[in-house]
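Those letters in the sequence shown? Residues 1 to 667, by our numbering.
From the three backbone atoms N, C-alpha and C, an ideal C-beta is built for every residue, glycine too.
Each remark here refers to the structure printed beneath this line.
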Amino acid sequence: MENKMSYERFTSQVRNLESEDDRCVAVEREVAQSMGIVRAGYLASEKACRRMRTALLKIILADTISDNIDGCLINKPSRIQEVIPMAASLLARPCIQDKVVGILALDYAEPSVAIWEHFLLNSICRELGASGSNDGARIMLEYLTRSMPRTEPLVEAVVPEVLSLLKKGGPQTIVPCYAFLGSLADYESQFLKASFTKAMNIIEGDMDLIESSSLSWKLIHGSVSFATRLLSTEYYSQLVTNTYLIKLLNVWDNITGGCWPRSFDFYHGVLNPFLQLAVIKLLGSQISNLSSEAISTFQRILWRYLRAPRMHVTEGPDDSLDEHYSNIRAGMLIECSMTVILNRCLHTPELLQDVFPRIFHLVASPGGKRSIMIGFNRLADILRISPDLSVHLPKLRSTVTPLISTLSNGNDCTVALAGCRLAMAMMEANMLNPQVAVLAITQCIDMFSFEYETKTEFLTKVIDFLRNQLASNPETTTMMIFFVVNKMGFLSLGWMKDTANTCYKEYGCDSAKVSNILALFGRALHQYRSYNVLMLILLVISEMLHSSLDIFLTSTAAYISLDNLRGTFQQIAITYTDTHTGRQAIVRDGYATLCLVIFALNSASIEPIENLAQSLGLHTSSAQQTVLKKLITESRTAEDVLSALRSDALLSVDKVFTLEPNGWSIN
């Protein structure tokens, strides 16, 4: 209390000073006095310890005073060297207040690895070895978990002390011990693997004491967090044994069956929900590796959760229903439902019939944003991971489609993001019209501030899906591809070529489809003028003229459709502008070449072609102008022009670009 009052007087007096200079002088004066106490190093009495605690707090917390131009005063090297020894001395004192301030000082001083290994290590090991089950060990373990450098000498010295504390410690140290060990899981070593194996053996022995020990909940909590952490790594995941998992499963079976250990922890009328969720997630992630008997036990546990009646939990003077309890219960039911759905070994007709309505209820009933978001995400998970289970969602399409269609009308980004995930999953499962899904996703991308990577991932997945749908409905699907590509940023040349090749293979070499597709290209060119769309059309038509030229020589309808685009192509070749000069040259040169090919296909004389080449040459790149001059000089007939363009200027999609030192250019 005295420390707190002294600090409050210190901070309030300084903050009340109006002048910045006065504040700095006051802070420095207080710190200077405190450093005198620290240098004296007197801890022989309780009063001296209180003075030392106050002095350290003033030094540590001086940097919290606003407008302190010196910044973090404790970060001066000379002060750090003097603070650390006194912090370690306080740490060795039996009084818990001394230990708290000592650790706080070490936290702020941020000792170097050398100080840890040569000065603090012995104090830490002595503290862990002597503290038994008191709060001092708990505080020390929490500090080690967040601050101890993961060096080999420190790890190999501290871990044995922690394992020893696990065997003899009490309720205060069980969870911190496992939390500290779990924090080391990113550090791979044979020593830690052997130590973690010992820890798991201790856990397996302790699990037999759950029914009668007052440490029950601490043991469950600590072991579950430690096992979950090990399973999250590849190096240590095999250390979590089936023996432990089966013991945990049996313990939880007893607990959910009503055999509660002593000292259970209730939170808003529910046994610690975070612990319950952790247990269900851990068992759910490993249940497929366990015996059929264990699977039956887990099914029984989940069934109890799903069929447990709603409790009447109230809060406040008016005994209103506790909203926290409602949220906790909903979260538990959803977690149990998804555990069933995502583990085929748990599938039974009874469980599946029970869990799907719970998931569906989240989006089918007017609920909060969080409920809708969770429902969207869970339904998307179901459709992606177990698409065959969609037969259990007969009402999904009719109910969710209106929600998907109006996603952009909302004002919550997380709900929109979850809705887009569900729209993608439903579209891929053939449960949602692609046009509805694509429109909803692109509208949300326009309306909400999704991260760039998220937007790109959505749009790329949409294009990949549409590319696979080209065969069934080429015209509509192609327009949808243009619609999406128009909204995308930079697209790699390889991706553009792959997409163009896919389009060409589906309809570019089919005389029955070419006329309609070319008419569609014309509409797209008037509707979209983005580089992506222009490039995609250029690549597809280039491949048509390179690989399927006979279609335009033998089919009047195909040639007329292509010739109708010549005016648009010529306008693009003359007027297209881009902030990137290289991209502008690619588009102008490419469409200029297309114009000349179309003209040469049905021209009886070379003069009109020469005039067009001279006209286009004024607007194209210097490289293209050279090509056009050579073309005019060396060609005697329209056939010569066509042959030259096909062999030199207009190549297939795979060869249409050359990478030069200054960027991409069209051949």
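So the candidates are 185, 512, 546; which of them puts its Cα closest to the Cα of residue 234? Numbered from its first residue, the sequence shown carries residue 234 at position 234. Nearest C-alpha to residue 234: 185.
The stretch 413-428 / the stretch 372-386 touching (three or more Cβ pairs under 8 Å): Taking a cut-off of 8 Å for Cβ pairs, the stretch 413-428 and the stretch 372-386 touch, as three or more such pairs fall below it.
Can you give me the Cβ contacts of residue 153 inside the same chain, cut-off strictly under 8 Å, excluding the 5 residues immediately before and after it? As a first step, residue 153 must be located in the sequence shown, where it is residue number 153. Once the five neighbours on either side are set aside, the close Cβ partners of residue 153 are 117, 121.
In or out: residue 618 buried (at least 16 other Cβ within 10 Å) or exposed? The sequence position of residue 618 within the sequence shown is 618, counting from 1. With fewer than 16 other Cβ atoms within 10 Å, it is exposed.
How should residue 442 be labelled, buried or exposed, when 16 other C-beta atoms within 10 angstroms of its C-beta is the threshold for buried? As a first step, residue 442 must be located in the sequence shown, where it is residue number 442. Buried.
Range covered by the alpha helix (DSSP H) that runs through residue 523: Taking the first residue of the sequence shown as 1, we reach residue 523 at position 523. Looking at the DSSP string, the run of the alpha helix (DSSP H) that includes residue 523 is 511-527.
Does the Cβ-Cβ distance between residue 162 and residue 180 come in under 8 Å? Taking the first residue of the sequence shown as position 1, residue 162 is located at position 162. Taking the first residue of the sequence shown as position 1, residue 180 is located at position 180. In this structure, residue 162 places its C-beta atom within 8 Å of the C-beta atom of residue 180.
Measuring only the C-alpha atoms, how far is residue 164 from residue 129? Mapped onto the sequence shown, residue 164 falls at position 164. Mapped onto the sequence shown, residue 129 falls at position 129. Cα to Cα, the separation comes out at about 8 Å.
Cα separation between residue 439 and residue 334? Taking the sequence shown and counting its residues from 1, the one referred to as residue 439 is at position 439. Taking the sequence shown and counting its residues from 1, the one referred to as residue 334 is at position 334. Going by the C-alpha atoms only, they are around 29 Å apart.
Which of the three DSSP states, helix, strand or coil, is assigned to residue 125? As a first step, residue 125 is located in the sequence shown; it is residue number 125 there, counting from the start. Helix, per DSSP.
Chain-order list of residues whose beta-carbon lies under 7 Å from that of residue 410 (same chain, five-residue window excluded): Here residue 410 is taken as the residue at index 410 of the sequence shown, counted from 1. Counting only Cβ-Cβ distances below 7 Å, and skipping sequence neighbours, we find 416.
Do residue 676 and residue 396 have their C-beta atoms closer together than 8 Å? The shown model of the chain, from 1 to 667, leaves out residue 676, and the question about it has no answer.
What separation, rounded to the nearest whole angstrom, lies between the Cα atoms of residue 508 and residue 453? The count along the sequence shown starts at 1 and reaches residue 508 at position 508. The count along the sequence shown starts at 1 and reaches residue 453 at position 453. In a straight line, the C-alpha of residue 508 is about 32 Å away from that of residue 453.
When 463, 137, 594, 115 are compared against residue 94, the one with the closest alpha-carbon: Walking along the sequence shown from the start, residue 94 turns up at place 94. Of the candidates 463, 137, 594, 115, the one whose C-alpha sits nearest the C-alpha of residue 94 is 137.
Inspect the beta-carbon positions of residue 400 and residue 363 and report whether they are closer than 8 Å. Within the sequence shown, numbered from 1, the residue matching residue 400 stands at position 400. Within the sequence shown, numbered from 1, the residue matching residue 363 stands at position 363. Closer than 8 Å, so yes.
Member of 645, 626, 29 whose CA lies at the smallest distance from the CA of residue 599: Start at 1 with the first residue of the sequence shown, and residue 599 comes out as number 599. It is 645.
Specify whether the stretch 578-588 and the stretch 598-613 touch according to this definition: at least 3 beta carbon pairs, one from each stretch, less than 8 Å apart. Not touching, per the Cβ criterion.
Distance between beta carbons of residue 38 and residue 86, contact taken as under 8 Å: Position 86 of the sequence shown, counting from 1, holds the residue named residue 86. Position 38 of the sequence shown, counting from 1, holds the residue named residue 38. Going by Cβ atoms, the distance from residue 86 to residue 38 rounds to 5 Å, so yes, they are a contact pair.
Can you find the residues in the same chain that come closer than 6 Å, C-beta to C-beta, to residue 166, ignoring five residues on each side of it along the sequence? Locating residue 166 in the sequence shown gives position 166, counting from the first residue. Hits under 6 Å: 177, 202.
Restricting to Cα atoms, I'd like to know which of 535, 515, 575 is closest to residue 562. For the purposes of this step, residue 562 is taken as residue 562 along the sequence shown, with counting starting at 1. Out of 535, 515, 575, the CA that lies nearest to the CA of residue 562 is found in 515.
Neighbourhood of residue 517 by C-beta, 6 Å cutoff - its chain only, sequence neighbours within 5 removed: One-based indexing of the sequence shown puts residue 517 at position 517. Closer than 6 Å at the Cβ level, and outside the excluded window around residue 517, lie 507.
Threshold first: 4 residues or longer. Then list the alpha helix (DSSP H) segments lying entirely within the stretch 236-261, N to C. Fully enclosed alpha helix (DSSP H) runs of 4 or longer: 242-256.
Please name the residue in 238, 592, 358 whose C-alpha comes closest to that of residue 612. Along the sequence shown, read from residue 1 onward, the residue named residue 612 stands at position 612. Of the listed residues, the one whose Cα sits closest to residue 612 is 592.
With C-beta atoms as the reference, is residue 150 less than 8 Å away from residue 187? Reading the sequence shown from its first residue, position 150 is the one you call residue 150. Reading the sequence shown from its first residue, position 187 is the one you call residue 187. Yes; because the gap between Cβ atoms is below 8 Å, this pair is in contact.
Three-state secondary structure assigned by DSSP to residue 599: The residue given as residue 599 occupies position 599 in the sequence shown. Three-state result, residue 599: helix.
Beta-carbon contacts of residue 532 that lie in its chain and below 7 Å, excluding the five residues immediately before and after: For this step, residue 532 is matched to residue 532 along the sequence shown. Answer for residue 532: 485, 486, 488, 491, listed in chain order.
Going by CA-CA distance only, name the one from 328, 223, 249 that's closest to residue 295. Along the sequence shown, read from residue 1 onward, the residue named residue 295 stands at position 295. Ranking 328, 223, 249 by Cα distance to residue 295 puts 249 first.
Which same chain residues, not among the five before or five after residue 255, have their C-beta less than 6 Å away from its C-beta? Within the sequence shown, the letter at position 255 stands for residue 255. Answer for residue 255: no residue qualifies.
Among 331, 271, 238, 343, which one has its Cα closest to the Cα of residue 283? Residue numbering aside, residue 283 sits at position 283 when the sequence shown is read from its first letter. Comparing Cα-Cα distances from residue 283 to each of 331, 271, 238, 343, the minimum goes to 343.
Compare the beta carbon distance of residue 601 and residue 642 with 8 Å and say whether it is the shorter of the two. Mapped onto the sequence shown, residue 601 falls at position 601. Mapped onto the sequence shown, residue 642 falls at position 642. It is a contact, given that the beta carbons lie within the stated cut-off.
For the alpha helix (DSSP H) that residue 568 lies in, which residues bound it at each end? One-based indexing of the sequence shown puts residue 568 at position 568. Its alpha helix (DSSP H) spans residues 566-575.
I'd like the list of long-range same chain contacts for residue 70, defined as Cβ closer than 6 Å, with 5 residues on each side in sequence excluded. Along the sequence shown, one-based indexing puts residue 70 at 70. With a pLDDT of 45 at residue 70, under the threshold of 50, the modelled position of that residue is not reliable, and no figure is offered here.
Three-way DSSP call (helix, strand, coil) for residue 165 in this model: Here the question's residue 165 lines up with position 165 in the sequence shown. In this structure, residue 165 counts as helix in the three-state DSSP scheme.
Relative to the alpha-carbon of residue 242, which residue among 480, 413, 286 has its alpha-carbon at the smallest distance? The count along the sequence shown starts at 1 and reaches residue 242 at position 242. Of the candidates 480, 413, 286, the one whose C-alpha sits nearest the C-alpha of residue 242 is 286.
Could you tell me the boundaries of the alpha helix (DSSP H) in which residue 482 lies? The count along the sequence shown starts at 1 and reaches residue 482 at position 482. Run containing residue 482: 474-485, per the alpha helix (DSSP H) assignment.
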